[in-house]
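Structure first, commentary second.
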């Protein structure tokens with residue numbers, strides 16, 4: 002059972018109620034008029050009457066210098082006699098997080114902390130000092146706003162994250178959660194044989210979305226710590242941009258992209274239905290075939306193979322559409338080269 006004991010923050014009770022529905026857990030609430038201590042006591046009785054053996058009490062955020070609020074928290078703790086008292090700390094506060102945990106441990110007596118907003122600009126270096134400074138461990142970390150973004154805390158993985166080495170183990174675990182081994186093997190075969198299509202791209206894009214935010218995924222990958230939040234947002238927009246074009250394709254076109262490569266009429270139709278230009282659709286199709294060609298070359302299959310049917314028409318179309326006024330192309334290319342290089346790394 003979730004207990005709504007935060008009577009001060011606007012919409013706190015509503016948010017907890019929505020959360021309870023999402024996870025299928027009952028929420029006990031008495032509105033904003035009752036005192037947190039009384040709400041907690043009544044919730045305990047309610048839980049006993051319904052044979053509920055675990056409750057989570059959500060109390061309001063507070064500053065350690067606010068004596069009345071700290072005294073209120075002591076009363077709530079006394080009424081509940083909890084097995085766990087967890088303090089939620091913002092990772093963006095830096096080393097102040099460790100001091101905050103120390104103060105609350107002295108004043109209230111806590112068993113651990115939850116470090117949130119690790120999906121922000123901060124890499125969570127404060128996490129490494131919390132245990133040493135306060136004597137209380139971090140037990141969970143939050144990397145986003147969704148339920149699945151709350152994770153167990155692993156000190157060694159956090160150390161790798163802070164050093165910019167990524168978190169490969171967490172990345173593998175998240176991948177296994179969204180993709181069965183049979184699917185991974187089948188995809189590997191299609192990639193190795195250069196037969197992957199737009200259905201594969203769309204499915205993998207959806208799997209990536211299930212793993213969490215783009216910033217979270219990037220944070221797990223070694224060597225990607227220099228990618229800026231702005232570049233990540235641009236990558237997310239680009240993925241959505243591509244998905245809209247794929248969704249406008251027919252099932253046959255997704256499975257057989259050669260149809261799009263060979264037919265300008267099909268590309269025009271996809272462009273109109275997705276709200277994009279013919280050039281953008283042509284570029285997307287060309288990129289797929291370029292990826293196939295690169296994989297063929299990597300696997301030593303490129304020798305003796307004929308050009309992909311329809312690609313000549315597609316590339317001619319792209320060349321005619323990409324003509325720019327004299328003097329503009331070089332300047333634009335020079336300004337965007339560095340940014341595009343980093344963005345391409347993200348999308349890869």
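Numbering (the numbering used here), first residue to last: 2 to 349. Each residue gets a CB set at the ideal place from its N, CA and C atoms; glycine is no exception. Treat the numbers as computed from the prediction; the structure is a model and nothing was measured.
Helix, strand or coil for residue i per DSSP?
{"i": "residue 66", "result": "coil"}
{"i": "residue 61", "result": "coil"}
{"i": "residue 21", "result": "helix"}
{"i": "residue 28", "result": "strand"}
{"i": "residue 282", "result": "helix"}
{"i": "residue 54", "result": "coil"}
{"i": "residue 86", "result": "coil"}
{"i": "residue 198", "result": "coil"}
{"i": "residue 15", "result": "helix"}
{"i": "residue 7", "result": "coil"}
{"i": "residue 168", "result": "coil"}
{"i": "residue 342", "result": "Its pLDDT being 49, under 50, residue 342 is placed unreliably by the model, and nothing is read from it."}
{"i": "residue 39", "result": "helix"}
{"i": "residue 2", "result": "coil"}
Using a 10 Å radius around the Cβ and a threshold of 16 neighbouring Cβ atoms, would you call residue i buried or exposed?
{"i": "residue 1", "result": "No answer is possible for residue 1: the residues shown for the chain start at 2 and end at 349."}
{"i": "residue 286", "result": "buried"}
{"i": "residue 283", "result": "buried"}
{"i": "residue 252", "result": "exposed"}
{"i": "residue 84", "result": "exposed"}
{"i": "residue 258", "result": "buried"}
{"i": "residue 9", "result": "exposed"}
{"i": "residue 54", "result": "exposed"}
{"i": "residue 326", "result": "With a pLDDT of only 44 at residue 326, under the threshold of 50, the placement of this residue in the model should not be trusted; the figure read from the coordinates follows. Classification of residue 326: exposed, given that the 10 Å Cβ count is below 16."}
{"i": "residue 242", "result": "exposed"}
{"i": "residue 263", "result": "buried"}
{"i": "residue 62", "result": "exposed"}
{"i": "residue 168", "result": "buried"}
{"i": "residue 173", "result": "exposed"}
{"i": "residue 44", "result": "buried"}
{"i": "residue 254", "result": "buried"}
{"i": "residue 25", "result": "exposed"}
{"i": "residue 89", "result": "exposed"}
{"i": "residue 171", "result": "buried"}
{"i": "residue 12", "result": "exposed"}
{"i": "residue 64", "result": "exposed"}
{"i": "residue 46", "result": "exposed"}
{"i": "residue 194", "result": "exposed"}
{"i": "residue 143", "result": "buried"}
{"i": "residue 30", "result": "buried"}
{"i": "residue 66", "result": "exposed"}
{"i": "residue 74", "result": "buried"}
{"i": "residue 381", "result": "Nothing in the structure corresponds to residue 381, since the chain is present only between 2 and 349."}
Tell me whether residue i counts as near the ligand SAH, meaning its Cβ is closer than 7 Å to at least one heavy atom of that ligand.
{"i": "residue 279", "result": "The ligand SAH is not part of this structure, which contains no ligands at all."}
I think residue i touches residue j, with their Cβ atoms under 8 Å apart; what is that distance to the nearest whole Å?
{"i": "residue 140", "j": "residue 154", "result": "6 Å"}
{"i": "residue 57", "j": "residue 116", "result": "Rounded, the Cβ-Cβ distance is 18 Å, inconsistent with contact."}
{"i": "residue 59", "j": "residue 99", "result": "With a Cβ gap of about 24 Å, residue 59 and residue 99 do not count as contacting."}
{"i": "residue 289", "j": "residue 199", "result": "7 Å"}
{"i": "residue 296", "j": "residue 219", "result": "So it is not a contact: roughly 24 Å between Cβ atoms."}
{"i": "residue 87", "j": "residue 113", "result": "5 Å"}
{"i": "residue 96", "j": "residue 130", "result": "6 Å"}
{"i": "residue 267", "j": "residue 260", "result": "6 Å"}
{"i": "residue 230", "j": "residue 166", "result": "The Cβ separation is near 20 Å, so there is no contact."}
{"i": "residue 23", "j": "residue 148", "result": "6 Å"}
{"i": "residue 208", "j": "residue 225", "result": "Residue 208 to residue 225, Cβ: 19 Å. No contact."}
Against chain B, does residue i count as a neighbour if the rule is that its beta carbon must be under 8 Å from one of theirs?
{"i": "residue 143", "result": "In summary, chain B is missing from the structure at hand, where a single protein chain is found."}
Quiz item: Are at least three pairs of beta-carbons, each pair with one atom in the stretch 240-247 and one in the stretch 272-283, less than 8 Å apart?
Solution: Taking a cut-off of 8 Å on C-beta distances, the stretch 240-247 touches the stretch 272-283, as three or more cross pairs fall below it.
Quiz item: What runs of the alpha helix (DSSP H), each 4 residues or longer, lie entirely inside the stretch 204-243?
Solution: Listed in chain order, they are 215-221.
Quiz item: Quick one: complete beta strand (DSSP E) runs, 3+ long, within the stretch 95-162?
Solution: 113-117, 139-143, 151-153
Quiz item: Does the stretch 106-117 touch the stretch 130-139, meaning 3 or more C-beta pairs lie closer than 8 Å?
Solution: yes
Self-check item: the stretch 28-39 touching the stretch 75-82, judged by at least three CB pairs closer than 8 Å
Solution: yes
Practice problem: Count the CB pairs spanning the stretch 11-29 and the stretch 64-71 that are closer than 8 Å, and state whether there are at least three. | Solution: The stretch 11-29, when compared against the stretch 64-71, does not touch it at the 8 Å Cβ threshold.
Exercise. Kindly confirm or deny that the stretch 233-244 and the stretch 208-217 touch, where touching means at least three C-beta pairs closer than 8 Å.
Key: yes
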